[in-house]
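Structure first, commentary second.
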């Protein structure tokens, strides 16, 4: 069933009735039997019907997502969509809305359907080339800016460019470098740099391999940190759509985290800071690795839900 209603008419009946006062057939008056054509379906009706379908598909906030999808196809805000709920939906937006709802029901993440997502003060383009930025990743920026506001910063595994672009927007850095091993992810980060006006330098590299000889005051990262087993158990809405390389990190989930902790001292100036996101169940292990490698002021910080989510550590002044 499409979201737009087809216009229909009902032809007058072919039979005639007999008058009670006359044996002659008398036709029903056209005005009494006319059935009016249906008008466009109300926007509110489309949204409610979509919300029911999204709920049946297991979407946790179906009405909210339905409003966001309509706002997207109608080039309006969710608030405007609500205020216009009694208006009839135009044909093309209704068709586009139906396609968008179908994509969401098929399991495609909302951010990929919409093609964008918010991150701190930025609106970023988002598609299957990179991991969708999560709200908790914003905490990396918060903790980083509490420690370093200027100098040079590097983001290892930039993906959409969210961390690098947020630092460029909110800090006073001379340079922000965004690194990723994926050419597709770097292309997306470049598009976001143009979109947001963020002046960042993009480098294709396996972590810091291409940065030899460069030194930074701040290193940030949101590395993959799921074990292979945890990745296998992920919800299909994540596993079937987002890049595996941005999620899974070996048998213990610490493969990439460990490499960053090993490479970090070479990339940072003496006294420079590392801030990275962690899996909350392995934050203690990551802190232990950091201390064993000579990092100073190693501390694990909680996210907004009280889970140990971030590692902050300072490079010692000694080589």
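In the working numbering, the protein residues as written are 4 to 322. Positions of the beta carbon are idealized from the N, C-alpha and C atoms, including for glycine. These numbers were taken from a predicted model, which means no experiment stands behind them.
- Message: Determine whether the beta carbon atoms of residue 142 and residue 306 lie at a separation below 9 Å.
- Response: For the purposes of this step, residue 142 is identified with residue 139 of the chain shown, where counting begins at 1. For the purposes of this step, residue 306 is identified with residue 303 of the chain shown, where counting begins at 1. Against a cut-off of 9 Å, the Cβ pair of residue 306 and residue 142 comes out as a contact.
- Thinking C-beta only, is residue 156 closer than 9 Å to residue 146? Start at 1 with the first residue of the chain shown, and residue 146 comes out as number 143. Start at 1 with the first residue of the chain shown, and residue 156 comes out as number 153. With contacts defined as CB atoms closer than 9 Å, residue 146 and residue 156 fail to qualify as a contacting pair.
- Length of the line joining the Cα atoms of residue 76 and residue 222: By 1-based counting over the chain shown, the position of residue 76 is 73. By 1-based counting over the chain shown, the position of residue 222 is 219. Computed Cα separation, rounded: 39 Å.
- Query: Nearest CA to the CA of residue 230: which residue from 316, 200 and 256?
  - Reply: Here residue 230 is taken as the residue at index 227 of the chain shown, counted from 1. Among 316, 200 and 256, the Cα nearest to that of residue 230 is on 256.
- Query: Which partner residues of residue 179 appear in the DSSP bridge assignment?
  - Reply: Looking up residue 179 in the chain shown gives position 176. Among the bridge pairs identified by DSSP, residue 179 is matched with 156.
- Task: Measure from the alpha carbon of residue 158 to the alpha carbon of each residue in 311, 298, 270 and 56, then state which is nearest.
- Result: Here residue 158 corresponds to residue number 155 of the chain shown, with the count starting at 1. Nearest of 311, 298, 270 and 56 to residue 158, Cα basis: 270.
- Query: How many angstroms separate the CA atom of residue 319 from the CA atom of residue 281?
  - Reply: Position 316 of the chain shown holds residue 319. Position 278 of the chain shown holds residue 281. Those two C-alpha atoms are separated by around 22 Å.
- Item | Per-residue DSSP class, three states only, for residue 203 | Counted from its first residue, the chain shown places residue 203 at position 200. Residue 203: coil per DSSP, three-state reduction.
- At 4 residues or longer, and completely inside the region 217 to 303: list those alpha helix (DSSP H) runs for me, N to C. Restricting attention to alpha helix (DSSP H) runs no shorter than 4 residues, the region 217 to 303 encloses them at 231 to 235, 239 to 242, 258 to 270 and 286 to 295, ordered along the chain.
- Which runs of the beta strand (DSSP E) fall wholly inside the region 70 to 128 and span at least 3 residues, in chain order? Annotation note: the region 70 to 128 contains the following uninterrupted beta strand (DSSP E) runs of length 3 or greater, listed N- to C-terminal: 119 to 122 and 125 to 128.
- Message: residue 214 and residue 259 - do their beta-carbons sit closer together than 9 Å?
- Response: Along the chain shown, one-based indexing puts residue 259 at 256. Along the chain shown, one-based indexing puts residue 214 at 211. No, the Cβ-Cβ distance between residue 259 and residue 214 is not below 9 Å.
- Task: For residue 173, I'd like the list of residues in its chain whose CB is within less than 8 Å of its CB, leaving aside the five on either flank, ordered along the chain.
- Result: Sequence index remark: in the chain shown, residue 173 carries index 170 (1-based). Same-chain partners within the cutoff: 123, 124, 144 and 148.
- Message: Quick check: the region 233 to 252 against the region 199 to 206, are at least 3 beta-carbon pairs closer than 8 Å?
- Response: These segments do not touch.
- Item | Range covered by the alpha helix (DSSP H) that runs through residue 314 | In the chain shown, counting from the first residue as 1, residue 314 sits at position 311. Run containing residue 314: none in the alpha helix (DSSP H); it sits in the beta strand (DSSP E), 311 to 317.
- From the DSSP output, read off the bridge partner residues of residue 305. One-based indexing of the chain shown puts residue 305 at position 302. Paired residues: 311.
- Item | Local Cβ density within 10 Å of residue 94, reported as buried at 16 or more and exposed below that | Numbered from its first residue, the chain shown carries residue 94 at position 91. Classification for residue 94: exposed.
- Query: Where do the ends of the alpha helix (DSSP H) carrying residue 48 lie?
  - Reply: Your numbering for residue 48 matches position 45 in the chain shown. Per DSSP, residue 48 belongs to the alpha helix (DSSP H) from 46 to 59.
- Note the first and the last residue of the continuous alpha helix (DSSP H) segment covering residue 174. Start at 1 with the first residue of the chain shown, and residue 174 comes out as number 171. Neither: residue 174 is in no alpha helix (DSSP H) and is coded neither H nor E.
- Query: By the 10 Å Cβ neighbour count, where 16 or more other Cβ atoms means buried, how is residue 138 classified, buried or exposed?
  - Reply: Here residue 138 is taken as the residue at index 135 of the chain shown, counted from 1. Exposed.
- Look up residue 161 in the DSSP assignment and say whether it is helix, strand or coil. Along the chain shown, one-based indexing puts residue 161 at 158. In the three-state DSSP reduction, residue 161 falls in the coil class, being neither helix nor strand.
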